[in-house]
Amino acid sequence: MSSTPVTPAASASLKAYGFLATAGLLWAGNTVAGKMAVGHIDPVTLSTLRWLSAFCLIAAFSIKPLSRDWPKIRSHWPLLLGYGAAGFGLFNIVLYSALSLTSATNVVIEHAAMPAVIFALNYAIFRARANLAQIAGFSLTLFGVLVTASHGDLMSLIHLNLNRGDALMGLCVLLYAGYTIALRFKPDIHWQSLMAVSALGAVLACFPALALQGMAGKIIWPDATGWAIVAYTALLPALVAQVAYVWGVELIGANRAGLFINLIPIFGVGLSVLILREPLHGFHFVALALVCAGIALAELGRPKSTA
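Residues in the sequence shown are numbered from 0 upward in steps of one, following numbering that gives the first Met the number 0.
Structure representation (structure tokens):
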């Protein structure tokens with residue numbers, strides 16, 4: 000009995016699903032780690048040490064690709080450093096700050112706004128279109144975000160009854176959405192070179208924030224728990240997840256890859272309940288159902304001509 004051959008487009012999609020699922024799981028863990036860091040290390044110091052460690056680690060193993068790619072790196076250094084400054088360094092400072100003000104469960108579900116923002120920016124800048132099924136899917140995920148941000152009371156949004164942590168997550172969404180669509184301009188260089196230069200950009204963005212934190216006397220130097228969190232975030236969310244996400248974007252494009260950020264709420268709520276013992280409310284189940292329905296509808300209804 001013959002089996003149906005797997006087309007190159009289907010094979011690329013399956014590989015992308017694996018990469019993006021891995022990134023989602025590790026980023027969900029990053030959110031939980033950020034919540035656990037409260038009281039053990041401050042957000043700015045955590046982000047700085049995370050990216051400094053990640054840069055030293057990736058640079059040590061990237062001498063050959065960096066040497067080979069140096070002409071392209073020199074020609075595109077503002078873009079490559081910008082990837083790291085906005086998508087890595089500033090994003091994580093704001094994310095960890097949000098986690099000090101709101102729950103990890105809220106934060107991971109609010110990540111679901113990213114696909115809608117990515118789609119909107121792609122359309123506004125590049126006129127990249129989606130079909131009705133994808134738009135409906137984006138709308139469902141956005142509605143799930145609103146349910147979470149309003150704690151199940153949508154009428155509270157009329158009065159802007161949102162805490163500062165939820166507002167900071169809005170800035171996080173904009174930063175990473177911008178980073179995602181800008182990946183289309185990245186030069187053709189080895190992934191190690193991309194990560195090394197981007198990690199350097201993150202470090203350069205974190206240092207001024209760390210200096211301001213020190214001047215304000217708000218630095219919390221890490222204790223044993225803080226150092227363990229730095230080690231985890233530097234190796235897995237900072238390096239492995241970022242590389243997996245870039246590969247996913249390369250295989251299926253920013254719109255489709257961005258939608259898989261909605262896996263962060265699915266993984267993150269489970270991790271928050273298991274590790275942080277955060278409570279689950281009825282509106283969380285409603286929001287998660289909307290997020291799952293949105294990602295399924297958008298992916299199944301995508302234009303068949305796309306990879």
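Cβ coordinates follow ideal geometry from the N, Cα and C atoms, glycine included.
Here the structure is a predicted model, which means the values were calculated and not measured.
Query: CA-to-CA distance, LEU13 to MET0, given in whole angstroms; Result: The predicted model places MET0 with a pLDDT of 48, which falls under 50 and marks its position as unreliable, so this point remains unresolved.
Query: Backbone secondary structure at THR101 - three-state DSSP; Result: coil
Query: Start-to-end residues for the alpha helix (DSSP H) that takes in HIS75; Result: Here HIS75 belongs to no alpha helix (DSSP H), and DSSP marks it neither H nor E.
Query: DSSP-derived helix/strand/coil call for VAL37; Result: coil
Query: TRP220 - containing alpha helix (DSSP H), residue span; Result: That residue, TRP220, is in no alpha helix (DSSP H); it is neither H nor E in DSSP.
Query: Proximity below 8 angstroms, CB of GLY88 to CB of TRP50; Result: yes
Query: Three-state secondary structure assigned by DSSP to GLY252; Result: coil
Query: Separation of ALA22 from GLN241, as counted between CA atoms; Result: 7 angstroms
Query: PHE142 versus GLU298, ILE294 and GLY300, residue with shortest Cα-Cα distance; Result: ILE294
Query: Pairwise C-alpha distance: LEU145 and CYS55; Result: 39 angstroms
Query: Three-state class that DSSP yields for PRO186 in the structure shown; Result: coil
Query: Classification of THR30 by the beta-carbon crowding that lies within 10 angstroms, buried from 16 upward; Result: buried
Query: CA nearest to the CA of ALA11, picked from ALA256, GLY267 and ASN130; Result: ALA256
Query: Buried versus exposed, by CB contacts within 10 Å (16 or more), PHE90; Result: buried
Query: Touching by the beta-carbon criterion (3+ pairs, under 8 angstroms), the segment 35-44 and the segment 200-217; Result: yes
Query: LEU79 versus LEU173, THR101 and HIS189, residue with shortest Cα-Cα distance; Result: HIS189
Query: Coarse secondary structure for HIS283, derived from DSSP in three states; Result: helix
Query: Where ALA166 falls: helix, strand or coil (DSSP); Result: helix
Query: Reduced DSSP category for PHE60 - H, G, I as helix; E, B as strand; rest coil; Result: coil
Query: Integer Cβ distance of ALA243 from PHE18, believed to fall under 8 angstroms; Result: 4 angstroms
Query: Any 3 or more C-beta pairs closer than 8 angstroms across the segment 267-286 and the segment 116-131; Result: no
Query: Per-residue DSSP class, three states only, for ALA227; Result: helix
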